[in-house]
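All the letters of the sequence shown, read from the start, carry residue numbers 1 to 270 under full-length UniProt numbering.
The block underneath contains the structure these notes are about, expressed in structure tokens.
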Amino acid sequence: MTWNLWGRFGPWREREKAIIDTLRVVDPDVLALQEVWTSADGTSQLEVIAEALGMHSAGSAHPLGDTGLGQGNAVLSRWPISGWQTVDLTPDPTDPRLAVVADVETPQGTVPVVSTHLSWRPDEGGARLRQVRAIREHLAARPAGVLPPVVMGDLNAEPTSDEVRALTGLKADEPPGPVFMDCWEQARGGEHGYTWDHTNPYAACTPWPRRRLDYVLIALPDLGLVHQKRMGWFEVDSCELAGVSAVRGTVPSDHYAVVTRLRVLPDRPH
């Protein structure tokens with residue numbers, strides 16, 4: 001599951017309660033979050049959510065100007081996280097972007113899980129493409145495991161964009177690296193799946209059009225390792241939106257979440 005939580009904007013205290021209630025209903029095994037707030041007194045939304053759900057967590061944030069607040073990305077898991085790191089995606093201090101890469105110890109083996117949030121302005125496709133390349137380069141440099149990586153997050157880009165096509169292997173002349181399946185496309189075909197939608201009251205008051213901006217992407221396995229029975233792969237069972245309904249009159253976030261159910265094949269690749 002991936003979800004952009006919209007930081008401390010809008011009625012954030014009421015929204016945070018609605019976020020936690022929604023997450024309890026969905027009950028994800030692994031969760032990628034974006035726009036997770038931190039405060040000057042050391043408290044963080046990641047700690048609040050991880051404690052409420054009883055999940056392991058890893059996260060990193062950057063300052064929001066001189067507000068005393070920070071904002072970042074996180075990975076939470078019902079299974080242990082054996083290690084994690086932050087990948088800096090941009091040298092621009094005015095728009096710091098990062099990816100959190102966590103090694104999640106699932107019953108089927110270690111899964112590298114990435115939570116990221118790319119540059120948001122519509123005319124920043126070039127910046128987003130560089131950020132995508134940094135993620136692919138980082139993952140390509142890691143030793144192959146028993147299961148391929150999963151990338152989740154708010155890419156601020158539509159499926160037909162160069163940025164997303166670079167991830168899904170449809171853009172020519174990209175450097176070697178992992179190629180990903182778009183879980184929504186695999187499960188729902190041509191359905192729009194808007195995660196930024198004017199049915200959401202927080203999005204309805206903006207000039208931005210409806211778009212699918214949030215993704216769960218699973219890497220294709222190394223076929224050589226599959227043939228050697230040293231690597232398994234993921235099968236997409238379903239994909240749906242969450243966080244669509246108000247909780248006690250409050251819509252949880254300005255983005256809808258994406259929830260994907262995966263199976264590992266074969267049952268125990270290692």
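C-beta: ideal position from N, C-alpha, C; glycine also.
All of these numbers come straight from a predicted model, not from anything done at the bench.
Cβ distance (whole Å) where residue i is taken to contact residue j below 8 Å
i	j	result
Ala32	Val75	6 Å
Ser60	Gly72	5 Å
Asp214	Asp254	Not a contact, Cβ separation roughly 11 Å.
Leu217	Leu147	Rounded, the Cβ-Cβ distance is 14 Å, inconsistent with contact.
Arg128	Ala157	6 Å
Glu240	Val264	Contact flag wrong, Cβ pair sits at about 20 Å.
Gln45	Glu14	Not a contact, Cβ separation roughly 14 Å.
Three-way DSSP call (helix, strand, coil) for residue i in this model
i	result
Cys205	coil
Thr116	strand
Thr168	helix
Trp79	coil
Asp103	strand
Gln228	coil
His270	Below a pLDDT of 50, predicted positions are generally treated as unreliable, and His270, at 48, falls in that range; no measurement from the model is reported.
Val236	strand
Gln108	coil
Gly7	coil
Ala187	helix
Asp154	strand
Val251	coil
Leu241	strand
Leu223	helix
Exposure of residue i, with buried meaning 16 or more beta-carbon neighbours within 10 Å
i	result
Glu51	exposed
Cys205	exposed
Gln228	exposed
Trp208	exposed
Pro269	In this predicted model, Pro269 has a pLDDT of only 47, less than 50, meaning its place in the structure is not dependable; the value taken from the coordinates is given anyway. The residue in question, Pro269, is buried, as its Cβ has 16 or more Cβ neighbours within 10 Å.
His192	exposed
Pro178	buried
Glu163	buried
Val25	exposed
Ala18	buried
Phe234	buried
Arg248	exposed
Ser119	buried
Phe180	buried
Gly7	buried
Gly54	exposed
Gly189	exposed
Residue range of the alpha helix (DSSP H) that includes residue i
i	result
Gly126	125 to 141
Val179	First-last for Val179: undefined, no H or E at that position.
Trp3	Here Trp3 belongs to no alpha helix (DSSP H); instead the beta strand (DSSP E) covers 2 to 4.
Element boundaries [beta strand (DSSP E), containing residue i]
i	result
residue 322	Nothing about residue 322 can be reported from this structure: the residues present for the chain run from 1 to 270 only.
Ala32	30 to 38
Arg263	257 to 265
Val216	214 to 219
Ala58	56 to 63
Val48	Segment 45 to 53 is the alpha helix (DSSP H) holding Val48; no beta strand (DSSP E) there.
8 Å Cβ cutoff, residue i in contact with chain C
i	result
Gly70	Given the protein chain composition of this structure (a single chain), no chain C is represented.
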